[in-house]
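Chemist:
Number of protein chains: 2
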Amino acid sequence: MTLDRLETPAAVVDLDRLDRNLKRGADYTREHGFALRPHIKTHKSLFVAAAQLRHGAQGLTCATPFETEVMSSICDDLLNAYPPVGADRARRLLAVAPKSRITVALDSVAAVDNIAAAARAAGRKVGVYVEIDVGMHRVGVTSSANAIALARYITAQPSLEFSGVELYPGHIRESVESQDAALEQLATELSRTLEAFDDAGLTPPTVSAGSTPTLWRTHELPRITEIRPGSYVYNDRTTTAIGACAWDDCALSILTTVVSTTVAGQAVIDAGSKALGREPVRGAAGEGFGQLIEHPEVLVTRMSEEHGMLDLGTSTWRPEIGERVRVVPNHVCVTVSLYDLMYGVRGDRLETSWPVDARGRGHKPVPNA
Amino acid sequence: MTLDRLETPAAVVDLDRLDRNLKRGADYTREHGFALRPHIKTHKSLFVAAAQLRHGAQGLTCATPFETEVMSSICDDLLNAYPPVGADRARRLLAVAPKSRITVALDSVAAVDNIAAAARAAGRKVGVYVEIDVGMHRVGVTSSANAIALARYITAQPSLEFSGVELYPGHIRESVESQDAALEQLATELSRTLEAFDDAGLTPPTVSAGSTPTLWRTHELPRITEIRPGSYVYNDRTTTAIGACAWDDCALSILTTVVSTTVAGQAVIDAGSKALGREPVRGAAGEGFGQLIEHPEVLVTRMSEEHGMLDLGTSTWRPEIGERVRVVPNHVCVTVSLYDLMYGVRGDRLETSWPVDARGRGHKPVPNA
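So the sequences go chain by chain: A and B.
Numbering-wise, the first sequence is residues 1 to 369 according to my numbering.
Numbering-wise, the second sequence is residues 370 to 738 according to my numbering.
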């Protein structure tokens with residue numbers, strides 16, 4: 001079966017590129033002696049997670065309870081890198097297979113209380129990372145003193161274990177001109193924080209770092225023991241723009257069909273915001289919502305839900321109605337979560353497909369509705 | 370069962386508001402003698418479509434083949450308001466229940482050829498609307514002469530029937546300061562176009578108009594016979610901002626939990642771009658990606674995939690971790706398509722739930738993969 005049989009829009013993964021990306025991540029991790037705990041939010045698929053485990057991942061990182069549930073069928077060492085706030089969230093995490101080791105990341109006493117109670121009720125022990133804010137100002141404890149106080153509070157809970165600290169330097173992608181200076185500053189601050197933990201007698205067993213944007217420079221940070229890269233399996237326009245991969249490393253694209261050419265200087269494809277997502281290119285100059293593989297000078301510059309408007313002003317290409325092109329999205333994690341199924345290709349040959357198993361929330365219907 | 374039992378983030382529909390919105394749309398349509406053919410892309414649910422049919426809709430409008438397939442189980446008069454380009458798309462449309470009347474909208478000879486061939490192969494007759502561009506510059510034939518030539522080409526196909534013209538004045542929401550002047554201009558141009566069709570002996574049996582932004586003023590346009598509103602069932606921040614509904618008419622919100630408050634002046638909820646969508650407020654001043662029902666002065670100002678950052682600088686509200694709030698999204702059609710299930714509530718009582726049946730593409734796995 002070949003690619004031209006697929007109904008568009010469809011999410012297509014170049015299997016050779018996927019293999020290469022998986023190997024590159026594993027090689028880097030091995031070279032620097034890190035544990036690899038990839039974040040599955042990018043692909044949400046057992047098929048890709050299993051490949052990551054075959055490439056030496058010691059466990060998996062998830063963001064939602066549903067992701068953790070789904071991944072527990074193939075992995076017994078699961079980090080839920082998200083505050084376990086709310087009785088239901090913590091309870092759902094504790095309901096995954098009893099053989100699994102569960103770790104959570106959190107930044108508040110309230111979250112500790114939630115997960116401690118759920119662990120106690122389930123008769124299980126849960127590992128806890130203290131999330132520290134290293135500059136992104138999203139979640140994370142904002143001072144060493146507070147982080148140490150929280151770690152001490154965790155050690156006082158019989159159902160919990162203080163397993164380490166976690167950081168996510170997402171701001172280095174988003175707002176810092178020079179990665180060099182930002183990484184150097186981060187290294188200095190991280191050293192100081194970890195020394196404060198040492199001085200308090202709470203040396204973190206694990207120091208867990210993200211992320212794909214700074215993935216290949218993680219070894220410049222002190223005392224990292226584990227990394228949690230996500231996007232590196234598929235890559236996207238943003239990963240390319242910030243120099244964390246080459247354009248030819250983008251493994252996922254959306255196969256589309258040109259459906260209209262009535263407006264001069266424009267062609268319309270059947271992939272809009274419901275097929276690509278409306279994410280900006282981050283961390284570097286870049287416009288539009290996607291870029292064509294066959295004609296990289298052409299961008300998706302406007303979108304409706306099911307229409308993507310291609311600006312042909314930058315190109316001599318004049319498509320026929322019915323012509324097919326592939327679009328590399330700006331932020332692959334968001335694009336993937338719009339699909340139920342990924343198609344795997346080698347060249348033009350459609351080799352396999354796999355479900356996006358952990359897409360959505362796994363919500364249950366109201367009984368007797 | 371009450372709302373506080375729901376795991377967050379969850380999509381919640383206020384059933385009283387939904388009922389009121391359905392009735393308002395039906396009443397307006399009846400008052401002006403239009404046929405009502407609501408666009409189901411907003412809700413993608415048989416539950417809501419069935420309610421629209423009970424309220425007097427004579428048929429349904431869909432954008433994708435999968436939407437049309439799903440809706441064919443409850444409705445036998447289906448408009449696919451999207452160019453049927455690509456052999457697979459046309460074939461899939463023709464495969465829906467033989468008792469159904471299928472109409473498509475298109476703007477090119479290539480699309481006519483595609484649907485004519487598929488209709489011929491299926492031994493069925495398909496209705497065709499000629500889509501005319503009235504200023505949005507997305508799809509649609511851009512001159513009366515070309516539109517008439519296309520209608521004539523359609524009448525020459527034995528498997529097709531020229532059923533009318535379709536317009537979508539989406540630009541009046543997006544870029545025009547004064548709706549008055551824009552609608553007046555549109556009315557003049559539409560009159561002229563329809564007279565040209567009359568003069569050519571091709572008077573359109575149907576003149577089909579969108580959309581929610583200008584829904585309540587459709588009667589100011591000449592010779593409209595049918596309307597295709599979408600968002601009016603749920604409404605959203607954009608519909609409110611452009612004055613097409615009141616804030617209290619927003620029926621859909623995302624129930625979320627506050628999961629972190631470490632950063633001063635900020636609270637983080639568990640709904641980010643994978644739960645809200647990253648759509649702007651259109652057609653009027655408005656920032657952020659969503660607005661709280663309980664604290665309308667608070668907006669979601671930044672997002673990651675699973676984090677929504679609330680700016681508390683505009684409010685005296687200081688949430689506890691674990692507190693729950695509901696967010697009205699900017700563009701409800703995109704938000705709904707992120708969910709598998711909608712929860713229906715009256716007040717705090719969880720009354721029912723229904724699937725988002727036509728979410729995704731209904732793609733088939735590769736055989737023997």
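Each residue gets a CB set at the ideal place from its N, CA and C atoms; glycine is no exception.
(1) What residues in its chain sit with their C-beta under 6 Å from that of GLY504/B, if we drop five residues either side in the sequence?
(2) By the 9 Å beta-carbon criterion, what residues does the region 689-714 of chain B contribute toward chain A?
(3) Let me know the secondary structure DSSP gives ASN515/B once reduced to three states.
(4) Residue ranges of each beta strand (DSSP E) run of no fewer than 3 residues wholly in the region 437-495 of chain B, ordered along the chain?
(5) Pop quiz: THR256/A and VAL345/A are said to be a contact at Cβ under 8 Å. What is the actual Cβ separation, rounded to whole angstroms?
(6) Only counting the same chain, and skipping five residues up and downstream in sequence, which positions put a Cβ closer than 7 Å to that of ASP236/A?
(7) Using the Cβ count rule (16 or more neighbours within 10 Å means buried), how would you classify SER100/A?
(8) For SER577/B, does the three-state DSSP call read helix, strand or coil?
(9) So what's THR411/B in DSSP terms, helix, strand or just coil?
(10) Output needed in chain order: residues of the region 92-124 of chain A with a Cβ under 9 Å from some Cβ in chain B.
(11) Assign LYS41/A to one of two classes, buried (16 or more other C-beta atoms within 10 Å of its C-beta) or exposed (fewer than that).
(12) State buried or exposed for GLN427/B, treating a residue as buried only when at least 16 other CB atoms are found within 10 Å of its CB.
(13) Kindly provide the ranges of any beta strand (DSSP E) runs that are 3 or more residues long and lie completely inside the region 666-724 of chain B, ordered along the chain.
(14) Counting only beta-carbon separations shorter than 8 Å, does ASP133/A have a partner in chain B?
(15) With a Cβ-Cβ cutoff of 8 Å, do ILE227/A and LEU36/A count as a contact?
(16) Using C-beta distances below 7 Å, list every residue in its chain close to SER414/B, excluding the 5 sequence neighbours before and after it, in chain order.
(17) Report the option in PHE435/B, VAL478/B, ARG399/B, VAL703/B whose CA atom is closest to the CA atom of GLY599/B.
(18) Identify the continuous alpha helix (DSSP H) that holds ALA610/B and give its terminal residues.
(19) How big is the Cα-Cα spacing for ARG393/B and TYR601/B?
(20) Taking Cβ positions, are LEU681/B and GLY634/B nearer each other than 8 Å?
(21) Give the C-beta separation of VAL300/A and MET309/A to the nearest angstrom, bearing in mind that I take them to be a contact with Cβ-Cβ under 8 Å.
(22) Let me see if you follow: with CB-CB separation under 8 Å, is SER441/B close to chain A or not?
(23) Mind checking whether the beta-carbon of HIS401/B lies closer than 7 Å to any heavy atom of the ligand ZN?
(24) When you compare each of LEU661/B, THR371/B, LEU590/B, ALA644/B to PRO688/B by their alpha carbons, which one comes out closest?
(25) So VAL109/A packs on LEU150/A, CB below 8 Å; how close in whole Å?
(26) May I ask you to list the residues that DSSP assigns as paired with ALA380/B?
(27) For LYS733/B, count neighbouring C-beta atoms within 10 Å of its own C-beta (all shown protein chains included) and say buried if the count is 16 or more, exposed if not.
(28) Flag this pair as touching only if the region 25-33 of chain A and the region 197-205 of chain A have three or more C-beta atom pairs under 8 Å; answer yes or no.
(29) Nearest chain A C-beta to GLY729/B closer than 8 Å, yes or no?
(30) Should PRO817/B be labelled buried (16 or more other beta-carbon atoms within 10 Å of its own) or exposed?
(31) Could you give the distance in angstroms between the alpha-carbon of PRO83/A and the alpha-carbon of ARG89/A?
(32) Considering just the uninterrupted stretch of the beta strand (DSSP E) at PHE162/A, what are its terminal residues?
(33) Does ASP16/A have its Cβ less than 8 Å from a Cβ in chain B?
(34) In three-state DSSP terms, what is GLU500/B?
(35) Applying a beta-carbon distance threshold of less than 9 Å, which residues of chain B neighbour TYR82/A?
(36) Here's the rule I'm using: 16 or more other beta-carbon atoms within 10 Å means buried, otherwise exposed. How should THR188/A be labelled?
Modeler: To lay it out plainly:
(1) HIS540
(2) GLU689, ILE690, GLY691, ARG693, HIS700, CYS702, VAL703, SER706, LEU707, TYR708, ASP709, LEU710, TYR712, GLY713
(3) helix
(4) 446-449, 470-475
(5) Actually they do not touch by this definition, with Cβ atoms about 15 Å apart.
(6) CYS250, VAL328, PRO329, ASN330, HIS331, VAL332
(7) buried
(8) strand
(9) helix
(10) ARG92, LEU106, ASP107, SER108, VAL109, ALA110, ALA111, ASN114
(11) buried
(12) exposed
(13) 669-672, 677-680, 693-698, 710-715, 718-724
(14) yes
(15) yes
(16) MET711, TRP723, PRO724, VAL725, ASP726
(17) VAL703/B
(18) 606-610
(19) 9 Å
(20) yes
(21) 7 Å
(22) no
(23) Looking at this structure, you won't find the ligand ZN or any other ligand, since it has none at all.
(24) LEU661/B
(25) 7 Å
(26) ILE623/B, MET711/B
(27) exposed
(28) no
(29) yes
(30) Here chain B has residues from 370 to 738 only, and residue 817/B is not among them.
(31) 9 Å
(32) 160-167
(33) no
(34) strand
(35) VAL628, ASP639, GLU675, HIS676
(36) exposed
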